[in-house]
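Line by line, the protein sequences are chains A and B. My numbering applies: residue 117 is where the first sequence begins, and numbers increase by one. My numbering applies: residue 535 is where the second sequence begins, and numbers increase by one. Positions of the beta carbon are idealized from the N, C-alpha and C atoms, including for glycine. Note that the coordinates shown come from a computational prediction; the quantities given were computed from them, not determined experimentally. For reference, the structure discussed in these notes is given below.
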Amino acid sequence: KAGVTQTPRYLIKTRGQQVTLSCSPISGHRSVSWYQQTPGQGLQFLFEYFSETQRNKGNFPGRFSGRQFSNSRSEMNVSTLELGDSALYLCASSREGAGELFFGEGSRLTVL
Amino acid sequence: AQSVTQPDIHITVSEGASLELRCNYSYGATPYLFWYVQSPGQGLQLLLKYFSGDTLVQGIKGFEAEFKRSQSSFNLRKPSVHWSDAAEYFCAVDAGGTSYGKLTFGQGTILTVHP
């Protein structure tokens, strides 16, 4: 069974640009969550989607957004990038959004 | 607000020695509890989980954890550490209810293994 797949794995952007990250969950999983990991703040929850609906959201500015498609694949977008957005962005999937989450290997974003 | 504390930022052990990583949580009810491991440049891998029932849970790679309600702790243990166990370990809590997809993580404990 394939795991959670995130693309791209690495990317470099400059301040002010926007970025879109993609996540394909484990087959049969309908819930996708996104996390930001930085050395200073650790792992922080961004949002969760289930059946194309955002059910939960963390404390991030509106520049961070996401969506989920009918096949459960998800994308997250960060607009007007800031230096502080440099981080490892992790996607996780689960069957129902409760219990154990299965994480992808992450997308490493560097903002210059 | 719920919180997870991992008191040890960095632990160093010799290969073959026993290991205990500490985790304390602050939450009104008994949440779901997890331990994840992360190797450099990688995502998080689930080691074990506790939902209910037997307070001693077994996980992958020879790890186990014990839930102690009275101490609000969920410490991770391994009787004999291997060099491949060197990684960062995260304790996490799921509050349940409407906290869909949201885990609250501790700050992590970096494990170094000396040969």
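Cβ-based burial, residue i [other Cβ within 10 Å; buried from 16]
i, result
"Asp-628(B)", "buried"
"Gly-577(B)", "buried"
"His-544(B)", "exposed"
"Leu-228(A)", "exposed"
"Ala-535(B)", "exposed"
"Thr-123(A)", "exposed"
"Ala-563(B)", "exposed"
"Gln-153(A)", "buried"
"Glu-164(A)", "buried"
"Gly-640(B)", "buried"
Residue i - DSSP class collapsed to helix/strand/coil
i, result
"Arg-146(A)", "coil"
"Gly-577(B)", "coil"
"Leu-582(B)", "strand"
"Leu-197(A)", "coil"
"Gln-605(B)", "helix"
"Gly-596(B)", "helix"
"Ser-618(B)", "helix"
"Gln-536(B)", "coil"
"Gly-158(A)", "strand"
"Arg-179(A)", "coil"
"Ile-543(B)", "coil"
"Thr-130(A)", "coil"
"Ser-138(A)", "strand"
Under 7 Å from the C-beta of residue i: neighbouring residues of chain A
i, result
"Ser-633(B)", "Asn-172"
"Gly-642(B)", "Gly-158"
Chain B residues whose Cβ lies nearer than 8 Å to that of residue i
i, result
"Ser-210(A)", "Gly-635"
"Leu-206(A)", "Gly-577 and Leu-578"
Residue i to residue j span [Cα, whole Å]
i, j, result
"Thr-638(B)", "Thr-130(A)", "30 Å"
"Ser-604(B)", "Thr-169(A)", "38 Å"
"Tyr-589(B)", "Ala-626(B)", "Residue 589(B) is actually Thr in this sequence, not Tyr. Roughly 16 Å between the two C-alpha positions."
"Asn-175(A)", "Pro-649(B)", "42 Å"
"Ser-606(B)", "Phe-568(B)", "13 Å"
"Glu-622(B)", "Ser-143(A)", "28 Å"
"Leu-645(B)", "Thr-539(B)", "16 Å"
"Gly-550(B)", "Ser-618(B)", "11 Å"
"Ser-573(B)", "Pro-613(B)", "20 Å"
"Arg-178(A)", "Ala-118(A)", "The sequence given here has Gly at residue 178(A), not Arg. Cα-Cα distance, rounded: 32 Å."
"Gly-158(A)", "Ala-208(A)", "16 Å"
"Val-194(A)", "Lys-583(B)", "32 Å"
"His-616(B)", "Ser-552(B)", "10 Å"
"Glu-191(A)", "Val-148(A)", "10 Å"
"Leu-199(A)", "Tyr-126(A)", "16 Å"
"Glu-212(A)", "Ser-138(A)", "20 Å"
"Ile-594(B)", "Arg-611(B)", "12 Å"
"Gly-587(B)", "Gly-596(B)", "20 Å"
"Gln-571(B)", "Phe-624(B)", "Sequence inspection shows Val at residue 571(B); the Gln mentioned does not correspond to that position. Using only the alpha carbons, I get a separation of about 6 Å."
Contact test: residue i Cβ vs the ligand MG heavy atom, cutoff 7 Å
i, result
"Glu-212(A)", "Looking at this structure, you won't find the ligand MG or any other ligand, since it has none at all."
Proximal residues of chain B, C-beta to C-beta of residue i below 7 Å
i, result
"Gly-220(A)", "Gly-577"
"Phe-166(A)", "Tyr-634"
Where residue i meets chain D, residues with beta-carbon distance less than 7 Å
i, result
"Glu-216(A)", "Structure shown: chain D not included; protein chains present are A and B."
Chain-ordered neighbours of residue i on chain A, where CB pairs are closer than 8 Å
i, result
"Gly-562(B)", "Those within 8 Å of Gly-562(B) in chain A number zero; the least Cβ separation is about 18 Å."
Where residue i meets chain A, residues with beta-carbon distance less than 9 Å
i, result
"Asp-628(B)", "Ala-214, Gly-215, Glu-216 and Leu-217"
Please identify, using Cβ separations under 9 Å, the residues of the region 574-592 of chain B that lie next to chain A, in order along the chain. Gly-575, Gln-576, Gly-577, Leu-578, Gln-579, Leu-580, Lys-583 and Phe-585
Please list, in chain order, the residues of the region 590-616 of chain B that have any C-beta partner in chain A closer than 9 Å. none
Could you list the residues in the region 145-161 of chain A with a C-beta less than 7 Å from some C-beta on chain B, going in chain order? Ser-147, Ser-149, Gly-158, Leu-159 and Phe-161
Using a Cβ cut-off of 7 Å, which residues of the region 179-194 of chain A contact any Cβ in chain B, in chain order? none
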